[in-house]
Amino acid sequence: MRFPFSRPELLKEWVLNIGRGNFQPKQHTVICSEHFRPECFSAFGNRKNLKHNAVPTEFAFQDARQVFPEAEAREHGPERKADTALEGLQRPPSARDPVGQVLPCRPEAAEAPAQPASPPQPSDHSYALLDLDALKKKLFVTLKENEKLRKRLKAQRLVMRRLCRRLRAHGAGRPGSRAGPRPEQQS
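All the letters of the sequence shown, read from the start, carry residue numbers 1 to 187 under UniProt numbering.
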């Protein structure tokens with residue numbers, strides 16, 4: 001769904017509900033329909049249309065601890081954006097995970113003792129990858145199996161070719177066999 005730029009008050013509500021600090025949607029930025037409740041859609045014909053006052057509310061995170069604060073984003077300023085992006089590329093994926101990086105929103109929360117690391121939260125999309133290592137292992141196992149099956153298929157084709165040659169050679173040596181093309185070869 002495209003962001004409602006023609007309605008600034010609704011756009012502001014959408015951006016706040018997304019919960020990303022300093023997030024500014026562009027003209028072609030879209031949001032997945034899974035972030036809207038079913039009652040936000042009106043069925044007209046074969047299409048599911050979003051109602052004019054619908055707001056995205058379905059996200060995997062719903063507590064304020066997981067939302068990046070606006071003050072933290074303003075602290076770095078625009079000159080720090082490139083540095084932050086470069087640091088994000090150099091860090092391991094677990095360090096870049098926004099769910100793993102919980103920044104406190106209130107100063108009194110910053111003084112609280114550190115809590116043990118929680119397991120990664122499930123994604124808010126049904127098609128998102130949860131366990132990348134297991135999926136990668138499954139891919140390599142499947143590729144190996146595919147290669148074995150290709151080799152078996154190649155060997156079977158070779159056997160079939162040999163049998164067809166032997167059959168043709170045996171059939172050509174018989175008296176009474178036709179010299180012309182076989183019926184299945186005629187078009």
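Positions of the beta carbon are idealized from the N, C-alpha and C atoms, including for glycine.
- Around the beta carbon of C40, 16 or more other beta carbons lie within 10 angstroms, which makes this residue buried.
- Here H35 is buried, its C-beta having at least 16 other C-beta atoms within 10 Å.
- In this structure, the CA atom of F140 is about 10 Å from the CA atom of N146.
- Straight through space, the alpha carbons of D133 and F23 are spaced by roughly 30 Å.
- Minimum Cα-Cα distance from H28 among the listed residues E58, R162, R157, F3 corresponds to F3.
- If you draw a straight line from the Cα of L149 to the Cα of E9, it comes to about 59 Å.
- Listed in chain order, the non-local C-beta contacts of G173 below 7 Å within the same chain number zero, local neighbours out to five positions each way being set aside.
- Per DSSP, A60 is not a residue of any beta strand (DSSP E), being assigned neither H nor E.
- Shown here, S33 sits in a helix according to DSSP, grouped into three states.
- For K48, the enclosing beta strand (DSSP E) starts and ends at 47-50.
- By the 16-neighbour rule on beta-carbons within 10 angstroms, P38 is exposed.
- Assigned with DSSP and collapsed to three states, F5 falls in coil, not helix or strand.
- Measuring C-alpha to C-alpha distances from F5 to each of L16, K137, K26 identifies K26 as the nearest.
- Taken through DSSP and simplified to helix, strand or coil, A43 comes out as strand.
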